[in-house]
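Reading the sequence shown from the start, the letters are residues 2 to 283 in my numbering. Just so you know, even glycine gets a beta-carbon here, dropped at the ideal spot from N, CA and C. Computed from a predicted structure; not experimentally measured.
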Amino acid sequence: MPESNEPTVQQYFDEFIQRELEAAPISCGLADPQKGKAIYAARALKAGELIWSERPFVAMQHEDNKDFADCCEHCFVSLINSKDSWDRVEAANEGENDHAKFEDFEAAIDLLQKQGGLSEEESYFNVYRLAKNKVQCVCGVLYCSEACKKAAYDEQHAIMCTRSDTNASPMGHFINHTQVTNEIFQLAAKVIARILSRFISTHDMVHARQPVDMFCKLPWWEVVANEDDLEEGQTMEEYKDCFKNLLSQTLSHFLEGLRDNLEHLAKNDELNGLSVDAVLGT
């Protein structure tokens, strides 16, 4: 049996497994002081058995991948347009003596759906239809449905939205900064935005931070600094200072965007009775 975690941490994961993971056959415990927490099977598991599934606290699509595939910015299902897909096939095979047409491609999708015995919504090939229902935020972010758009807005996008597809706002400047430095800063910003959204909803910062506070959090420069990357004559502390300086610049951009967006939400009465300073002060 795994050793017990600190009581509050143990209780959090016990409740999380029951509530969010539908009582999955697992338990969380302490492996040892060096390794920290671990997941254990609570019973014998069958080969191929789904143990659990969960939605991420936050997630993102890599910037370079966006050039090749549109995805819902909330559930990350691919938004494949069958006509666009066919056009890419035709462009790749230009000059070849092929008489197939787009209508043939559509007919093949319909046939494969029927042969699978599933409804259009259940079929794997429905992925080629999802783009027909996509919706777009004013900032250009795509969603597969109004439901996903609203869920993303409520969870973090109200705080992260650039409110312009040209990134002309302060939050847009932050996004531009991450695209030329390190896109992982966007994911970190989403974590902060998700926490603040939870705080705005509940007025309880302990509850809002709980999913993050349950984990060990080393400073970023302690995680990414590697002796193999040191330049000649450079010390590890000097190398870490490079990351600290970058993080300081990034935080400055983010805080400017955060304040601007919170002021926008306050004007629209979307801070649930809180002031901008009350949110930032947490």
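Since residue i is in the beta strand (DSSP E), which residue starts that stretch and which ends it?
i	result
Tyr41	37–42
Going by DSSP, what residue range makes up the alpha helix (DSSP H) through residue i?
i	result
Cys243	237–268
Asp153	Reading off the sequence shown, one finds Ala at residue 153, where the question assumed Asp. Element bounds for Ala153: 147–153.
Asp166	Element bounds for Asp166: n/a, residue is neither H nor E.
Val277	277–281
In angstroms, rounded to a whole number, what distance separates the CA positions of residue i and residue j?
i	j	result
Phe244	Val224	11 Å
Pro171	Cys162	10 Å
His174	Lys133	31 Å
Met2	Arg44	At Met2 the pLDDT is 45, less than 50, meaning the model places this residue with poor confidence and gives no usable figure here.
Glu233	Gly49	50 Å
Lys191	Lys102	43 Å
Ile27	Lys38	13 Å
Thr167	His265	18 Å
Met237	Trp221	14 Å
Gln211	Asn269	28 Å
Ala226	Val181	19 Å
Lys241	Ala189	19 Å
Leu247	Ala92	42 Å
Gln62	Ile40	27 Å
Can you check DSSP and say which residues form a bridge with residue i?
i	result
Gly30	Ala39
Ser79	Cys72
Val10	Its beta-bridge partners do not exist; DSSP assigns none.
Gln157	Beta-bridge pairing links Gln157 to no other residue.
Val136	Tyr144
If we call anything under 7 Å between Cβ atoms a contact, is residue i one with residue j?
i	j	result
Glu147	Val139	no
Val59	Met215	no
His178	His254	yes
Tyr144	Glu74	yes
Val280	Leu252	no
Arg195	Glu257	no
Thr283	Phe200	yes
Trp53	Leu80	no
Taking Cβ positions only, does residue i come closer than 7 Å to chain B?
i	result
Arg164	Included in the structure is just one protein chain, with no chain B present.
Contained alpha helix (DSSP H) runs [length at least 4] in the region 180–228, N- to C-terminal order: Taken in chain order, the complete alpha helix (DSSP H) segments of 4 residues or longer contained in the region 180–228 are 185–203, 206–214, 221–225.
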